[in-house]
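K.L.:
The numbering of the sequence shown is the numbering used here, which starts it at 704 and goes up by one.
Structure below; questions to follow.
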Amino acid sequence: MFALFALATTARASSLSTARRQARQARRQARLVDARASSLERRLQKQGTVLERLEERTADLERVAVKEFEILHYNVLSNYSATNMLPWFCYGCNVTAAERAEMHRRFYAPGPTGFKRVRGKGWPTWAEEVLSPERRAAVEAYDALHFGWERRCERLIAAVCRHRVGCRERAPDILTLAECDCYDEFWRERLLQRGYASTWRKRPRSSIDGCAIAWRSSTFELLASGGYDFGSALSRSPDRTCHFALLAWRRDPTVRLLVATTHLARNPESDEQLLARGYQYGSLFRELLAFAAAHGAEDVPVVLTGDLNAKDCDELAGIARALVRLLSTPTHPLLWSVLDAPTPATTVTEERTLRIDYVLYQSESLSLTGCLAAAHPTSMTVVRDELYVYLGIAGVSQLPTLDAPIPDAEHPSDHLPVSARLVVRPHWARVEDDARQWLACVSSNTAVRPLSGDALRTAFTYFDKDGSGLISLVQLEAGLQSLGFPGLDSSKVREALRAAGCETSAGESRSLHPHLAWISRRATDDRSWAMDLDQFVHVYTHFAQQATAASSSARQLDLAFKALNPNHSGVVSRHELQQALRSMCSAPLDEPRVEAVLRELEDGAGTISLASFTNWMMGRYTSSLEDPSIIADSMSKVPNYGDLWPQEVYNQ
């Protein structure tokens, strides 16, 4: 019994010892775990601090980094209008030019009421007497193979979201789409899956397509969107639309970008439609101005894309600029500094090969670093059996040279996408460029970009670095050196001032600008020579008129005059010009204003010549700059057109 008791006691003691040992081990393990957890927590806190510093550093770098982006435009050929059974397509049966002309005549023949009712003439009514049943069957077979939405939709989204640049694939930062239908059921969701947020505006009337703008949601955020509808003439209801989107960089919301896209009146071969497109193009800048002013985006860089249906964008610019001056309408400064990214033909059919899709940008605030452009033989490099060309520091790929019309098995639309890579110019670079434009005009009368009142005041501040309101001789010479005019000295600028009629130095006897609140001691002490804002503007306007003959603006005005003078006689009567204005405008004209302008334009014989037209246009530009005290900002005081015209007319 005693032995059993001793054995039980020993076992219990051993069990207690084991339990104590296990408890000690558990406590030791707990202390180790706590220590490890504390160590990890300290490391985590340290890593969190490092991460916060990295995020701050990244944000700092984002703020000072160059704001570069790529924008791609694509007319995607809307689903509701995509059919091979149209006279400008009819692929697959080798249509001759004569046969196509006859099909066009039948297709557009007036209906019983006199209107060209396109939708009332179904296939194959207008082709039955031109194409045999076998050839019509070939047209229908090609349609089923290449025009159907199910066969095109996925290739379209692939084409807009990724494209080749050099030997790499790249996704654009911003997309704009023309003829975009199926937005709710297809485009919005597909774009969202690929990281793009988007907005869409439908065309008016019964059309179910419209214009879309999409942006990488990781890079940009939408601040505002809008647009307007317009027609091709006052007597017609609106049938086209323009869409605006104001974007901001997420990492640096102080930098914004205004994107606009549109689709102008069709038929680029028609002279009548050219005038309509010219007015539409001009009204676009007026509406862009109103949208920018409404959202405090007057100085925001602008990119304009679209299917402009124009063979030459300069023709549209010339007509638009002429209309702005003739009708005295406010306009966005983009109209005066717009440039287009170079591309070859963007639409290829059996009937035409044309460049009608454009990426336009505001040259004073954006610079082109790369674009989808035609390759030059001397700059080609063979990479993986494909041709690529490099412009500057950015790679730009060659648009394909097509030997067959599109759409086809490779290209899902009858247009090719066009893209451009742009960088936002720093503010001081814009100031420097304005000053350089002023010097170029004053010193050599070279063709330069026209400067607005805002730009002239900005250029003045480049030289007047102390804000005294006067440019001294020392400041002028320093500006000449820094702007890269080594062959130009201050004496030539002073001679230019005297030639422009500014005989007296502002520092000697002229009164100072009334808006000046103070004058630096250096400016008041230096009485030998100085130039104020009045003289700065006057000398520019004097030489700007002389530079007109060689400028691109003059050539564009020449194109505008030819468009207004269809018989190419070199002169146009007051009645002809008035009728042309009425035919192209989709808003009521200010008839008394037009009459006054026409009286100024015409000569003694009652006609208007190209010379009088161009001289008057440039006079309108320079007269607005003569008095710097009334130089209006480009975006100030936009009239409320809704108060002037009926709403249904304004919407056109």
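The beta-carbon is built from N, C-alpha and C at its ideal position, and this holds for glycine as well.
Just so we're clear, the structure is a prediction, and the values are computed from it rather than from any experiment.
Write down the C-beta distance between residue 1070 and residue 1139 rounded to the nearest angstrom, noting that I regard them as a contact closer than 8 Å.
P.N.:
Residue 1070 sits at position 367 when you count from the first residue of the sequence shown. Residue 1139 sits at position 436 when you count from the first residue of the sequence shown. That pair is no contact at about 14 Å.
K.L.:
Suppose the cutoff is 7 Å on Cβ atoms and the five residues either side in sequence are ignored; what does the same chain contact list for residue 874 look like?
P.N.:
The residue you call residue 874 lines up with position 171 of the sequence shown. Excluding sequence neighbours, residue 874 sits near 864 and 865.
K.L.:
Taking DSSP as the reference, what is the three-state secondary structure of residue 911?
P.N.:
Numbered from its first residue, the sequence shown carries residue 911 at position 208. Of the three classes helix, strand and coil, the one that applies to residue 911 here is coil, per DSSP.
K.L.:
Can you list, in chain order, the residues of its chain whose CB lies under 6 Å from that of residue 1007, leaving out five sequence neighbours each side?
P.N.:
By 1-based counting over the sequence shown, the position of residue 1007 is 304. Cβ within range, chain order: 963 and 1063.
K.L.:
Relative to the C-alpha of residue 881, which candidate in 960, 1121, 712 and 713 has its C-alpha closest?
P.N.:
For the purposes of this step, residue 881 is taken as the residue at position 178 of the sequence shown. Of the listed residues, the one whose Cα sits closest to residue 881 is 1121.
K.L.:
Check whether the Cβ atoms of residue 1068 and residue 1042 sit closer than 8 Å, and answer yes or no.
P.N.:
By 1-based counting over the sequence shown, the position of residue 1068 is 365. By 1-based counting over the sequence shown, the position of residue 1042 is 339. No, the pair does not count as a contact, with Cβ atoms beyond the cut-off.
K.L.:
Please state the DSSP three-state secondary structure of residue 887.
P.N.:
Here residue 887 corresponds to residue number 184 of the sequence shown, with the count starting at 1. Helix at residue 887.
K.L.:
Between the C-alpha atoms of residue 794 and residue 784, what's the straight-line distance to the nearest angstrom?
P.N.:
On the sequence shown, residue 794 is found 91 positions in, with the first residue counted as 1. On the sequence shown, residue 784 is found 81 positions in, with the first residue counted as 1. Their backbone Cα atoms lie some 15 Å apart in a straight line.
K.L.:
What residue does the alpha helix (DSSP H) around residue 849 start on, and which one ends it?
P.N.:
Residue mapping note: residue 849 aligns to position 146 of the sequence shown, counting from 1. Element bounds for residue 849: 836-849.
K.L.:
Could you have a look at residue 796 and say whether DSSP puts it in helix, strand or coil?
P.N.:
Taking the sequence shown and counting its residues from 1, one reaches residue 796 at position 93. Correct three-state label for residue 796: coil.
K.L.:
Put residue 1041 into one of helix, strand or coil per three-state DSSP.
P.N.:
Walking along the sequence shown from the start, residue 1041 turns up at place 338. If DSSP states are grouped into helix, strand and coil, residue 1041 belongs with the strands.
K.L.:
What is the C-beta distance between residue 981 and residue 1061, in whole angstroms, given that I count them as a contact (C-beta under 8 Å)?
P.N.:
Locating residue 981 in the sequence shown gives position 278, counting from the first residue. Locating residue 1061 in the sequence shown gives position 358, counting from the first residue. So it is not a contact: roughly 15 Å between Cβ atoms.
K.L.:
For the candidate residues 773, 843 and 801, whose alpha-carbon lies nearest to that of residue 1073?
P.N.:
On the sequence shown, residue 1073 is found 370 positions in, with the first residue counted as 1. If we check each option's Cα against that of residue 1073, 773 comes out closest.
K.L.:
Taking 8 Å as the cut-off, decide whether the C-beta atoms of residue 1234 and residue 1174 are in contact.
P.N.:
For the purposes of this step, residue 1234 is taken as the residue at position 531 of the sequence shown. For the purposes of this step, residue 1174 is taken as the residue at position 471 of the sequence shown. A contact, by the Cβ cut-off of 8 Å.
K.L.:
Compute the distance between the beta-carbons of residue 989 and residue 1033, then report whether it is under 8 Å.
P.N.:
Taking the sequence shown and counting its residues from 1, the one referred to as residue 989 is at position 286. Taking the sequence shown and counting its residues from 1, the one referred to as residue 1033 is at position 330. In contact: residue 989 and residue 1033 (Cβ atoms closer than 8 Å).
K.L.:
Please state whether DSSP places residue 921 in a helix, a strand or coil.
P.N.:
Residue mapping note: residue 921 aligns to position 218 of the sequence shown, counting from 1. Residue state, collapsed to three classes: coil.
K.L.:
How far does the alpha helix (DSSP H) with residue 1194 in it reach, from first residue to last?
P.N.:
In the sequence shown, the residue the question calls residue 1194 occupies position 491. Its alpha helix (DSSP H) spans residues 1193-1202.
K.L.:
CA-CA distance, residue 1115 and residue 921?
P.N.:
The residue labelled residue 1115 in the question sits at position 412 within the sequence shown. The residue labelled residue 921 in the question sits at position 218 within the sequence shown. Their backbone Cα atoms lie some 28 Å apart in a straight line.
K.L.:
Could you tell me which residues DSSP pairs with residue 947 in its beta bridges?
P.N.:
In the sequence shown, residue 947 corresponds to position 244, counting from 1. Partner(s): 929 and 963.
K.L.:
With DSSP run on the structure shown, which of helix, strand or coil describes residue 791?
P.N.:
Residue numbering aside, residue 791 sits at position 88 when the sequence shown is read from its first letter. Of the three classes helix, strand and coil, the one that applies to residue 791 here is coil, per DSSP.
K.L.:
Which residue's Cα is closest to the Cα of residue 1011: 1314, 746 and 776?
P.N.:
Counted from its first residue, the sequence shown places residue 1011 at position 308. Considering only alpha carbons, the answer is 776.
K.L.:
Can you check which of these residues, 924, 934 and 946, is closest to residue 957 by C-alpha distance?
P.N.:
Walking along the sequence shown from the start, residue 957 turns up at place 254. The candidate whose alpha carbon is nearest that of residue 957 is 924.
K.L.:
Assign residue 836 to one of two classes, buried (16 or more other C-beta atoms within 10 Å of its C-beta) or exposed (fewer than that).
P.N.:
Locating residue 836 in the sequence shown gives position 133, counting from the first residue. Burial call: exposed.
K.L.:
Could you check if residue 749 is buried or exposed, using at least 16 other CB atoms within 10 Å of its CB as the buried criterion?
P.N.:
For the purposes of this step, residue 749 is taken as residue 46 along the sequence shown, with counting starting at 1. That one is exposed.
K.L.:
Hey, quick one: how far does the alpha helix (DSSP H) through residue 1059 stretch, first residue to last?
P.N.:
Start at 1 with the first residue of the sequence shown, and residue 1059 comes out as number 356. Segment: none, residue 1059 is in no alpha helix (DSSP H) and carries neither H nor E.
K.L.:
Pull up the CB-CB distance for residue 912 and residue 955, whole angstroms please, since I reckon it's below 8 Å.
P.N.:
Residue 912 sits at position 209 when you count from the first residue of the sequence shown. Residue 955 sits at position 252 when you count from the first residue of the sequence shown. The pair is not a contact, with the Cβ atoms about 35 Å apart (cut-off 8 Å).
K.L.:
So residue 826 is in the alpha helix (DSSP H); what residue range does that whole segment cover?
P.N.:
Taking the sequence shown and counting its residues from 1, one reaches residue 826 at position 123. Premise fails: residue 826 is in no alpha helix (DSSP H) and is neither H nor E.
K.L.:
Helix or strand or just coil, what does DSSP make of residue 1188?
P.N.:
By one-based count along the sequence shown, residue 1188 stands at place 485. Residue 1188: coil per DSSP, three-state reduction.
K.L.:
Mapping DSSP to helix, strand and coil, what is residue 989?
P.N.:
Taking the first residue of the sequence shown as 1, we reach residue 989 at position 286. Residue 989 falls in the helix class under three-state DSSP.
K.L.:
Between residue 1046 and residue 1058, is the Cβ-Cβ spacing less than 8 Å?
P.N.:
Position 343 of the sequence shown, counted from the first residue, corresponds to residue 1046. Position 355 of the sequence shown, counted from the first residue, corresponds to residue 1058. Their beta carbons are under 8 Å apart, which means residue 1046 touches residue 1058 by this criterion.
K.L.:
Under the three-state reduction of DSSP, which class applies to residue 1114: helix, strand or coil?
P.N.:
As a working note, residue 1114 is residue 411 in the sequence shown. Of the three classes helix, strand and coil, the one that applies to residue 1114 here is coil, per DSSP.
K.L.:
Which of helix, strand or coil does DSSP assign to residue 902?
P.N.:
The residue given as residue 902 occupies position 199 in the sequence shown. Residue 902 falls in the strand class under three-state DSSP.
K.L.:
Which term fits residue 1295, buried or exposed, when burial requires 16 or more other beta carbons within 10 angstroms of its beta carbon?
P.N.:
Along the sequence shown, one-based indexing puts residue 1295 at 592. The residue is exposed, with fewer than 16 neighbouring Cβ atoms inside 10 Å.
K.L.:
Reducing DSSP to helix, strand and coil, say where residue 878 ends up.
P.N.:
Along the sequence shown, one-based indexing puts residue 878 at 175. Looking at residue 878 - three-state DSSP - the assignment turns out to be strand.
K.L.:
Closest to residue 1201 by CA distance: which of 1187, 1246, 1053 and 1170 is it?
P.N.:
Taking the first residue of the sequence shown as 1, we reach residue 1201 at position 498. Per the Cα distances, 1246.
K.L.:
Starting from residue 1124, trace the beta strand (DSSP E) both ways and give me its first and last residue.
P.N.:
On the sequence shown, position 421 is the one that residue 1124 refers to. Taken as a continuous stretch (DSSP letters only), the beta strand (DSSP E) holding residue 1124 covers 1121-1127.
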